[in-house]
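Participant: Numbering (the numbering used here), first residue to last: 94 to 508. I am attaching a structure below and will ask some questions about it afterwards.
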């Protein structure tokens with residue numbers, strides 16, 4: 094009876110978690126990994142149902158080693174950070190490890206990616222005693238020491254920079270962390286959220302002095318506050334802050350979509366037309382409500398402008414074919430401000446598999462920006478998303494697309 098009672102309680106907890114995840118989806122249209130999280134909870138419910146119906150032979154361990162504890166801790170972290178600050182959950186990040194002369198591809202799973210990739214959060218639900226045993230090498234079989242995981246996170250972060258800086262790593266402990274383990278994580282540059290618990294048996298380390306004075310007090314962070322403060326200080330889109338953000342790239346790589354927007358008549362005051370062409374009418378409507386040029390000018394101000402040969406050639410061909418007189422004049426002026434760089438792709442771009450959205454031209458344009466440690470300015474969200482799904486997050490500034498419209502004005506109706 095006790096087992097059944099326990100089973101029903103677990104099922105009720107699982108259903109409660111599912112409700113909480115469904116609540117999150119009401120607050121935000123969607124971000125990557127939300128479906129994965131929902132499916133994990135549903136799988137847990139299905140498993141408990143099969144146990145209840147006797148379809149799986151019952152073992153006491155089924156009720157103890159459930160995934161519920163870690164799923165619950167993850168959902169609590171998500172609620173604490175707030176969906177507005179989250180860009181992905183359960184996100185796989187690739188990195189390489191050198192073993193002898195061989196490069197081996199590995200991946201880690203980041204529980205929460207926050208602040209557009211600048212912050213990685215790993216949620217740890219195990220209690221401090223279990224973590225301590227794992228660290229001593231006495232954990233359950235198959236348990237990796239958290240320190241090994243920490244080293245992997247640091248390595249992956251170094252190889253997956255965001256705006257050319259490694260993401261900040263936060264280990265969020267739902268049930269406390271032993272002090273000595275916390276100190277080791279701190280030395281690796283990992284931030285700690287959660288309670289630090291002292292009093293565990295220390296490991297003698299010949300290099301370590303056991304003197305109290307050697308141990309300055311450890312600082313922990315409050316996850317929600319850290320994410321909010323970080324966002325204020327480090328957001329590319331936060332124009333007022335841009336001058337302060339010394340770590341942001343000072344080079345802007347211009348995509349074809351951006352070059353066209355910078356010279357388009359639509360962005361230079363001629364947006365009061367009805368063209369009778371759905372895509373142009375929609376762009377004109379957007380431009381009347383939310384002009385693109387002021388945003389671009391603010392972002393590009395004070396930056397070195399580059400564009401690769403492929404982008405410049407494509408841009409010139411389009412202007413030459415469909416550009417109007419004024420658009421061609423603006424093109425001449427713009428090209429004088431841009432340094433044309435050769436088509437050289439970054440390593441991580443070369444390794445991206447081509448697909449519908451990941452075509453060679455886009456790879457060259459984004460890859461050249463990445464190679465030069467520049468922020469790529471673009472309206473090509475399809476490529477940015479597809480690359481992200483394949484584990485590559487570029488430094489980007491995204492704007493709405495604007496076409497060349499000057500020659501279409503003759504047959505258009507002035508509003």
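Every residue gets a Cβ at the ideal spot worked out from N, C-alpha and C, and that includes glycine.
My output table needs one value for residue 184: the three-state DSSP class, helix, strand or coil.
Facilitator: Residue 184: strand per DSSP, three-state reduction.
Participant: Does the count of Cβ pairs from the segment 426-435 and the segment 444-457 closer than 8 Å reach three?
Facilitator: The segment 426-435, when compared against the segment 444-457, does not touch it at the 8 Å Cβ threshold.
Participant: Under the rule that 16 or more other beta-carbon atoms within 10 Å means buried, what is residue 345, buried or exposed?
Facilitator: Residue 345 comes out buried.
Participant: Quick one, which of 425, 438, 463 has its alpha-carbon nearest residue 258's?
Facilitator: The option with the nearest alpha carbon to residue 258 is 463.
Participant: State the Cα-Cα distance for the pair residue 114 and residue 361, rounded to the nearest angstrom.
Facilitator: Approximately 45 Å, taken between the alpha carbons.
Participant: Please report how far the alpha carbon of residue 264 lies from the alpha carbon of residue 100, in whole angstroms.
Facilitator: The alpha-carbon atoms of residue 264 and residue 100 are separated by roughly 31 Å.
Participant: Is it the case that the Cβ atoms of residue 493 and residue 379 are separated by a distance below 7 Å?
Facilitator: Yes, the pair counts as a contact, with Cβ atoms nearer than the cut-off.
Participant: Quick one: residues in its chain with C-beta nearer than 7 Å to the C-beta of residue 479, no 5 flanking neighbours on either side, listed in chain order?
Facilitator: 448, 450, 451.
Participant: Should residue 394 be counted as a contact of the ligand FAD given a C-beta to heavy atom distance under 6 Å?
Facilitator: In the structure shown, the ligand FAD is absent, as is every other ligand, since no ligand is present at all.
Participant: I want to know whether the segment 397-407 touches the segment 455-472 - three or more CB-CB distances under 8 Å.
Facilitator: The segment 397-407 vs the segment 455-472: in contact.
Participant: What three-state label does DSSP hand residue 103 in the structure shown?
Facilitator: Here residue 103 sits in helix by DSSP.
Participant: Give the list of continuous alpha helix (DSSP H) stretches no shorter than 4 residues that lie fully inside the segment 426-482.
Facilitator: Entirely contained in the segment 426-482, the alpha helix (DSSP H) runs reaching 4 residues are, in chain order, 440-443, 453-464, 474-482.
Participant: In terms of alpha-carbon separation, which member of 184, 256, 167 lies closest to residue 268?
Facilitator: The shortest C-alpha separation from residue 268 is found at 167.
Participant: Which first and last residues belong to the beta strand (DSSP E) in which residue 200 is found?
Facilitator: Taken as a continuous stretch (DSSP letters only), the beta strand (DSSP E) holding residue 200 covers 195-207.
Participant: Which whole runs of the beta strand (DSSP E) in the segment 335-411 are 3 residues long or more, in chain order?
Facilitator: Counting whole runs of 3 or more residues, the segment 335-411 contains the beta strand (DSSP E) stretches 344-347, 397-401.
Participant: So which of 206, 277, 194 has the shortest CA-CA distance to residue 224?
Facilitator: That would be 277, whose Cα lies nearest to the Cα of residue 224.
Participant: Helix or strand or just coil, what does DSSP make of residue 262?
Facilitator: Reduced to three states, the DSSP call for residue 262 is strand.
Participant: Consult DSSP for residue 331 and reduce its assignment to one of helix, strand or coil.
Facilitator: Caution is warranted here: a pLDDT of 39 is assigned to residue 331, below 50, making its placement in the model unreliable, and the coordinate value is therefore given only provisionally. Here residue 331 sits in coil by DSSP.
Participant: Quick one: using the 10 Å Cβ neighbour count with 16 as the cut-off for buried, is residue 485 buried or exposed?
Facilitator: When all chains shown are included, residue 485 counts as buried.
Participant: Does residue 283 come out as helix, strand or coil in the three-state DSSP assignment?
Facilitator: Three-state DSSP puts residue 283 in coil, outside helix and strand.
Participant: Going by DSSP in three states, residue 189 sits in which element: helix, strand or coil?
Facilitator: If DSSP states are grouped into helix, strand and coil, residue 189 belongs with the strands.
Participant: Given a threshold of 16 other Cβ atoms within 10 Å of its Cβ, counted over all protein chains shown, does residue 130 qualify as buried or as exposed?
Facilitator: Burial call: buried.
Participant: Do residue 342 and residue 467 have their C-beta atoms closer together than 7 Å?
Facilitator: Closer than 7 Å, so yes.
Participant: Taking the alpha helix (DSSP H) that residue 246 belongs to, which residues open and close that run?
Facilitator: Segment 239-252, the alpha helix (DSSP H) holding residue 246.
Participant: Can you round the beta-carbon distance between residue 376 and residue 496 to whole angstroms, since I take them to be within the 8 Å contact cut?
Facilitator: Rounded, the Cβ-Cβ distance is 6 Å, consistent with contact.
Participant: Which residues in the same chain as residue 221 place their Cβ atom closer than 7 Å to its Cβ, once the five residues preceding and following it in sequence are excluded?
Facilitator: Cβ within range, chain order: 268, 269, 270, 271, 290.
Participant: If you draw a straight line from the C-alpha of residue 426 to the C-alpha of residue 488, how long is it?
Facilitator: Their Cα atoms are separated by approximately 26 Å.
Participant: Does residue 506 get closer than 7 Å to chain B when you measure Cβ to Cβ?
Facilitator: Given the protein chain composition of this structure (a single chain), no chain B is represented.
Participant: Using only alpha-carbon positions, find the residue among 98, 138, 184 that is nearest to residue 108.
Facilitator: It is 138.
Participant: Between residue 413 and residue 421, what straight-line distance do the alpha-carbon atoms span, to the nearest angstrom?
Facilitator: Cα-Cα distance, rounded: 8 Å.
Participant: Mark residue 179 as exposed unless 16 or more other C-beta atoms lie within 10 angstroms of its C-beta, in which case mark it buried.
Facilitator: Classification of residue 179: buried, given that the 10 Å Cβ count is 16 or more.
Participant: With 16 other CB atoms within 10 Å as the buried threshold, where does residue 363 fall?
Facilitator: The residue is buried, with at least 16 neighbouring Cβ atoms inside 10 Å.
Participant: Is the number of C-beta pairs between the segment 140-151 and the segment 243-252 that are closer than 8 Å three or more?
Facilitator: In short, these stretches do not touch, since the Cβ pair count stays below three.
Participant: Between 208, 227, 274, 286, which lies nearest to residue 216 when the distance is taken from Cα to Cα?
Facilitator: Closest option to residue 216, Cα to Cα, is 286.
Participant: Taking just the CA atoms, how far does residue 359 sit from residue 191?
Facilitator: Roughly 52 Å separates the two Cα atoms.
Participant: Please say whether residue 502 and residue 366 have beta carbons closer to each other than 7 Å?
Facilitator: Against a cut-off of 7 Å, the Cβ pair of residue 502 and residue 366 comes out as a contact.
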